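S.K.: Residue numbers (my numbering): 14 to 356. Handing you a structure now.
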Ligand code: V47
Ligand code: SF4
């Protein structure tokens with residue numbers, strides 16, 4: 014396979030079906046090096062999930078609860094501000110949560126406004142396309158108006174969650190209540206058109222097959238050709254514990270293959286992120302040799318993966334992240350929410 018020509022769907026499928034993990038890794042690593050040299054990016058960030066109460070109840074999600082159910086929680090804006098206080102040196106807050114049946118759109122707008130007022134220098138990466146669509150439905154505002162209003166309140170970028178797998182059959186078996194692929198892509202396209210950079214994800218290793226992964230990646234590549242508004246792609250390794258979907262966790266080989274093939278197919282995405290909360294620190298470090306050039310932050314507090322059996326600590330020091338990157342023969346580079354280099 015040569016890297017001078019763009020992969021087509023059959024090429025990508027052949028790679029998924031191949032057992033030659035070293036060749037796939039080498040190709041991905043070569044492309045990664047062309048785009049980012051030896052740099053590996055990290056951000057000092059803090060994840061916050063404002064509530065786990067969610068009207069959707071996707072079958073792969075062990076995090077969500079119905080209102081009033083045991084374990085359901087909701088944070089007030091003041092509690093979130095308190096969590097961010099005393100978090101020395103963080104450069105970004107990442108906010109995603111459930112679709113609360115009672116919260117008005119004002120909660121979300123005030124949350125962003127209040128965080129920006131208290132921490133003007135903090136990058137705010139918040140709300141998946143699923144949450145944006147929900148805000149539009151509960152407020153009667155169209156998607157563009159919601160996004161513009163959030164931007165005016167201080168939203169900087171959007172995370173890539175909620176994409177799951179785009180194929181409609183798989184999607185209806187996993188998360189029938191969730192917005193469909195077309196809507197997910199439309200929300201991101203509108204965000205890009207009004208100057209909000211976003212990320213994209215793919216949840217893999219549950220009931221989908223390689224063809225579904227390929228279809229998902231190509232739909233993202235097509236939108237990126239059109240808008241150029243995606244910053245990073247993050248493959249999300251399925252965690253089955255406590256979920257209705259059940260099954261087993263993807264193997265380490267599958268994780269590395271998926272990172273590498275994502276790198277190769279998404280030749281128009283600058284960054285591929287290894288999410289250590291899902292991969293563990295050692296496999297994330299190995300992923301840096303299979304096409305990943307970004308490692309999701311210090312994180313601090315994570316609930317979604319941990320509810321589904323995630324076993325990582327949930328929080329990394331900057332020293333540990335830098336150590337992992339250096340020991341992979343790479344150069345640690347601290348970034349902000351827009352990938353500006355700050356250290
Ligand atoms: O949207 C839910 C996924 C996502 C499970 O954009 C699960 O920088 C695995 O999107 N097993 C939220 N995954 C996390 C996310 C994310 C994380 C880090 C960085 C960024 C970014 C985005 O987690 C959800 C869903 O796709 N998820 N349940 C599960 N059992
Ligand atoms: Fe709700 Fe998101 Fe969990 Fe689905 S994945 S149930 S939308 S919190």
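By construction, the Cβ of each residue, glycine as well, lies at the ideal position given by its N, Cα and C atoms. Small disclaimer: the values here were computed from a predicted structure and weren't measured.
Cutting at 6 Å between CB atoms, please list the residues of its own chain near residue 169, excluding the five before and the five after it.
M.R.: 136, 137, 350
S.K.: Whole angstroms are fine: how far does the CA of residue 24 sit from the CA of residue 305?
M.R.: 20 Å
S.K.: Measuring alpha carbon to alpha carbon, tell me which of 72, 75, 293, 65 ends up nearest residue 85.
M.R.: 65
S.K.: Quick one, which of 244, 297, 299 has its alpha-carbon nearest residue 281's?
M.R.: Taking each of 244, 297, 299 in turn and checking the Cα distance to residue 281, the smallest one comes out for 244.
S.K.: Near residue 355, what residues of its chain come up, given a Cβ to Cβ distance below 6 Å and the 5 sequence neighbours on each side ignored?
M.R.: Residues of the same chain with a CB within less than 6 Å of the CB of residue 355, apart from the 5 flanking positions on each side, are 347, 349 in chain order.
S.K.: Any heavy atom of the ligand SF4 within a distance shorter than 7 Å of the CB on residue 79?
M.R.: no
S.K.: Could you give the residue range of the alpha helix (DSSP H) that holds residue 195?
M.R.: 194-206 is the span of the alpha helix (DSSP H), which, as asked, contains residue 195.
S.K.: Does any C-beta atom of chain C lie closer than 8 Å to the C-beta of residue 242?
M.R.: Included in the structure is just one protein chain, with no chain C present.
S.K.: Quick one: what does DSSP say residue 265 is sitting in, helix, strand or coil?
M.R.: helix
S.K.: Are the CB atoms of residue 58 and residue 323 within a distance shorter than 8 Å?
M.R.: Not in contact: residue 323 and residue 58 (Cβ atoms no closer than 8 Å).
S.K.: Using only the alpha-carbon positions, how far apart do residue 89 and residue 124 sit?
M.R.: Approximately 9 Å, taken between the alpha carbons.
S.K.: Do the CB positions of residue 184 and residue 190 come within less than 8 Å of each other?
M.R.: With respect to the 8 Å criterion, residue 184 and residue 190 are not classified as neighbours on the basis of their beta carbons.
S.K.: Only counting the same chain, and skipping five residues up and downstream in sequence, which positions put a Cβ closer than 8 Å to that of residue 22?
M.R.: Closer than 8 Å at the Cβ level, and outside the excluded window around residue 22, lie 227, 228, 231.
S.K.: In this structure, how does DSSP classify residue 341 when only helix, strand and coil are distinguished?
M.R.: coil
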